[in-house]
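In this note's numbering, the protein residues as written are 504 to 842. The C-beta atom is built at its ideal place from N, Cα and C for all residues, glycine as well. In what follows, a structure is listed as structure tokens, so that the remarks can point back to it.
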């Protein structure tokens with residue numbers, strides 16, 4: 504099979520510029536994109552590996568439930584220790600310390616095992632999905648047809664890198680979504696038992712922050728990240744094309760034209776990344792301000808009850824921890840725009 508002529512060689516044969524090809528502009532945030540995602544992901548959960556897939560998912564969910572309960576218990580003990588210190592109660596303090604150590608003795612291996620199983624799950628899914636794509640790629644000379652289709656760019660990179668990204672990110676987002684629901688329910692109960700007013704303030708604060716981040720930063724960042732991957736793939740392909748067609752380029756002395764072609768691809772990478780980091784900078788400023796205020800708000804709201812003696816200072820510490828945990832769970836989408 505003959506190789507396609509390099510950019511420089513095609514220029515040497517014909518100086519007449521070809522009409523620009525209208526390239527399909529995929530929209531990452533669309534119903535069609537969601538259907539494509541489902542079509543790629545669904546077979547793993549329905550075919551020969553479905554028992555393994557569902558078992559691993561249920562195991563991870565069980566581990567997250569344990570993690571959430573342990574986090575609530577640690578938050579409670581933090582409040583106990585604070586109240587014991589404020590009340591100068593040594594027995595209560597040391598009992599709380601022992602409870603914390605027991606909880607940590609369970610929590611540390613559970614956390615480690617959870618992250619190990621999560622990565623193992625992603626790795627197994629990647630192996631299965633890569634094999635499925637390779638079967639289709641090599642079947643009935645599809646690799647040859649795709650190589651001649653300009654609308655499908657870099658199929659080799661799609662299989663080698665994008666499959667890994669797809670499986671890893673899919674599992675990551677699924678688990679943080681499920682984990683955030685567990686965290687939201689568990690810590691909301693803690694917060695409700697301490698202060699109904701604090702729950703209301705939290706709801707308004709979280710809703711306001713999420714809406715601002717979603718509409719001002721979210722959509723632009725998702726689009727910019729999508730196009731950054733596309734630009735990087737195009738740049739990488741232009742370098743691979745140079746290597747594969749080195750003989751033809753040398754024969755036609757097309758180094759200058761080839762360099763110009765590569766520089767064009769690089770400029771697009773740099774330009775898009777510049778836009779990306781500027782938008783990311785703005786999101787980081789917003790996130791930092793939004794999260795730092797959570798360190799103050801619970802104490803301001805509960806200060807009157809603590810100062811009047813109606814509420815132990817440790818309960819305020821518990822409320823602050825629960826407030827932060829619930830806000831983190833509610834803002835999980837905002838925190839993962841850059842991913």
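DSSP places residue 571 within a helical segment (H, G or I) once states are collapsed to three.
Restricting attention to 607, 583 and 600, the CA atom closest to the CA of residue 574 is found in 607. Residue environment for residue 743: exposed (fewer than 16 other C-beta atoms within 10 angstroms of its C-beta). Considered as a whole, the segment 577–635 harbours no complete run of any beta strand (DSSP E) with no fewer than 3 residues.
Straight through space, the alpha carbons of residue 764 and residue 536 are spaced by roughly 30 Å. In the displayed model, residue 812 falls within coil according to three-state DSSP, outside both helix and strand. Each residue's CA atom was taken as its position, placing residue 747 and residue 735 some 18 Å apart. With distances taken between CA atoms, residue 612 lies nearest to 566 out of 824, 624, 758 and 566. Taking 8 Å as the cut-off, the beta carbon of residue 834 is found no closer than this to the beta carbon of residue 589. Going by C-alpha positions, residue 634 is about 12 Å away from residue 642.
Here residue 761 is buried. Its C-beta has 16 or more other C-beta atoms within 10 Å. For the 8 Å CB-CB criterion, residue 820 and residue 571 do not form a contact. Your pair residue 564 and residue 681 checks out as a contact, with CB atoms roughly 6 Å apart and the cut at 8 Å. If the five residues before and after residue 808 are omitted, its C-beta is found closer than 6 Å to the C-beta atoms of 814, all from its own chain and listed in chain order. As the crow flies, the alpha-carbon of residue 665 is around 27 Å from that of residue 787. By the C-beta criterion, the segment 792–803 is judged not to be in contact with the segment 667–680, since fewer than 3 inter-stretch pairs fall below 8 Å. In the structure shown, residue 668 adopts helical secondary structure according to DSSP, grouped into three states.
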